[in-house]
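In my numbering, the protein residues as written are 14 to 547.
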């Protein structure tokens, strides 16, 4: 059935910034935008949808997140908001009791942040031993880049004084010894612990994926990323797609260590093409860690450190090989870069791989730098010259801006997430929340980008504030560009897919301080309502 939306604010996100009187949707496609009278003439017995002054705009597009992790984390203890080791222990103990976790099981908590704990440090194995000395206990930091296991978990994982640190990862040690204290930092170290606890957790991936999907849809997001997928993640999403459970479009980027070439052959129908709302978008490489955890790789030391500036996750030669492999396979590649040294490694490696493969910016490869926390202005110019896309985690300004001031100093902290500079360079900037790191709340992100206010109410880097319109572009049409979908999504234009969101207010007419309070009242995918606020 044809539908006509009218009597509201209609933000097309087309460069003309026109606001048509009505939008006609037919068979899931935007068939007409313009006057209400012409829309009625063009329609076949349309259903008339009165917006009653609300705002209709393109649905939001997730620049980067991890839907598989959002799905998995829904079954773990939520440690966000914990203010002390005591809080962590109480939540984990209550969770263990509620879930009746005993022998053969494991207790997992997610979302603690040492920066906001009374103790101002990570817990250790002895703290977690107080939760249980019988079953494995593991807590994952809010950044996802570090975590802690209890003594039982360390033993089951085979981690002891003889266990060496691995490339791009390390274990915490009891001072003066090589005995592990339970702390693990970055992917390889974390995976030794995670492999043990995940194996003990009952899984219902389809139900968890559906629950995660509802969260994204409630925030008006209809294109979602799985930004560091394992083979198991791809399989779970594919099974959900086979059963028709996916309402949102899900784009998976497979970690380079997960045999992406094999998965691209095995799931050939998903390679760069949607099948039942799922596609394989390309590959992902992780080049460093977290600035709030002081594992991001910087070109200059952290404040208070003589030499320490974080560290790389892998050698440059490996990075270049992964880029060459992606280019030769004709797939897009993304790189996690928080520190400016990691950004430099990514840009250098990509430029060199392009030269080796005989390709140029004109080949439209669209590599993406994920996070861009401390990317420099000179690096933004080089990104422009090779067609590299900055996907910025601008919510860092609010969530960890005060921490960055302490860790990075005023000059570098003021320049985190340099969105305005990127826009001024002509780069196609998009924004993301890295869910489950923070909720996938696009309107909170728009507020962060336009206000640049920290948790403690400080204005951080006013010169990097963007206009509300630029921020909205970053979560709509620019997001579509990063997926090679700008001709199908991201704006309200004739012939595009009717992925739309209805807001209770017009962001362009709302005071900046109130942007984060705007509510999604309805989300439409291909013209059909997939979420409605109750």
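All C-beta atoms, glycine included, are put in the ideal place defined by N, C-alpha and C.
Values in this document were obtained by computation on a predicted structure and should not be read as measured data.
Bounding residues of the beta strand (DSSP E) (the contiguous stretch that carries residue i)
i           : result
residue 327 : Careful: residue 327 lies outside any beta strand (DSSP E) and carries neither H nor E.
residue 220 : First-last for residue 220: 218–231, but that is the alpha helix (DSSP H), not the beta strand (DSSP E).
residue 8   : No information on residue 8 is available, as it lies outside the stretch 14 to 547 that the chain covers here.
residue 38  : 35–39
residue 505 : No beta strand (DSSP E) holds residue 505; DSSP gives it neither H nor E.
residue 544 : 541–545
residue 536 : 533–538
residue 125 : 120–125
residue 405 : 402–405
residue 114 : Here residue 114 belongs to no beta strand (DSSP E), and DSSP marks it neither H nor E.
residue 515 : 513–516
CB of residue i within 8 Å of CB of residue j, strictly
i           : j           : result
residue 339 : residue 299 : no
residue 150 : residue 82  : no
residue 348 : residue 322 : no
residue 477 : residue 431 : yes
residue 217 : residue 235 : no
residue 395 : residue 369 : no
residue 192 : residue 186 : yes
residue 209 : residue 271 : no
residue 108 : residue 119 : no
residue 268 : residue 241 : yes
residue 406 : residue 386 : yes
residue 250 : residue 226 : no
residue 45  : residue 507 : yes
residue 546 : residue 535 : yes
residue 315 : residue 421 : yes
residue 356 : residue 333 : no
Residue environment, residue i, which counts as buried when at least 16 other CB atoms sit within 10 Å
i           : result
residue 277 : buried
residue 466 : buried
residue 456 : buried
residue 464 : buried
residue 296 : buried
residue 178 : exposed
residue 31  : exposed
residue 78  : buried
residue 398 : exposed
residue 117 : exposed
residue 138 : buried
residue 468 : exposed
residue 472 : exposed
residue 48  : exposed
residue 215 : exposed
residue 188 : exposed
residue 246 : buried
residue 145 : buried
residue 486 : buried
residue 447 : buried
residue 174 : exposed
residue 212 : exposed
Residues bridged to residue i [DSSP beta-bridge criterion]
i           : result
residue 554 : No statement about residue 554 is possible, as the shown extent of the chain runs from 14 to 547 and does not include it.
residue 16  : 38, 60
residue 184 : 197
residue 350 : 384
residue 553 : Residue 553 falls outside the range modelled here, since the chain spans only 14 to 547, and no answer is possible.
residue 443 : 404
residue 160 : 153, 197
residue 91  : 123
residue 284 : 293
residue 46  : 36
residue 472 : 466
residue 22  : 68
Residue i: first and last residue of the uninterrupted alpha helix (DSSP H) it sits in
i           : result
residue 409 : 409–421
residue 70  : From DSSP, residue 70 is part of no alpha helix (DSSP H) but of the beta strand (DSSP E) over 68–71.
residue 63  : Premise fails: residue 63 lies in the beta strand (DSSP E), 60–63, not in any alpha helix (DSSP H).
residue 396 : 390–399
residue 80  : 80–86
residue 151 : Premise fails: residue 151 lies in the beta strand (DSSP E), 150–154, not in any alpha helix (DSSP H).
residue 459 : 455–464
residue 481 : 481–487
residue 495 : 490–495
residue 278 : 273–279
Residue-level contact to chain C via CB, residue i, 8 Å cutoff
i          : result
residue 82 : Of the chains in the structure shown, none is chain C; there is only one protein chain.
Segment contact, 8 Å Cβ cut-off, at least three pairs: the stretch 435–442 with the stretch 508–521: Put simply, the stretch 435–442 does not touch the stretch 508–521. Fewer than three CB pairs are less than 8 Å apart.
Three CB pairs or more closer than 8 Å across the stretch 120–137 and the stretch 153–169: The stretch 120–137, when compared against the stretch 153–169, does touch it at the 8 Å Cβ threshold.
Three or more C-beta pairs below 8 Å linking the stretch 284–292 and the stretch 300–313: With contact defined as three or more Cβ pairs closer than 8 Å, the stretch 284–292 and the stretch 300–313 are not in contact.
Touching by the beta-carbon criterion (3+ pairs, under 8 Å), the stretch 68–75 and the stretch 439–456: Short answer: they touch.
Three-pair Cβ contact test at 8 Å for the stretch 56–67 versus the stretch 418–428: The stretch 56–67 is not in contact with the stretch 418–428.
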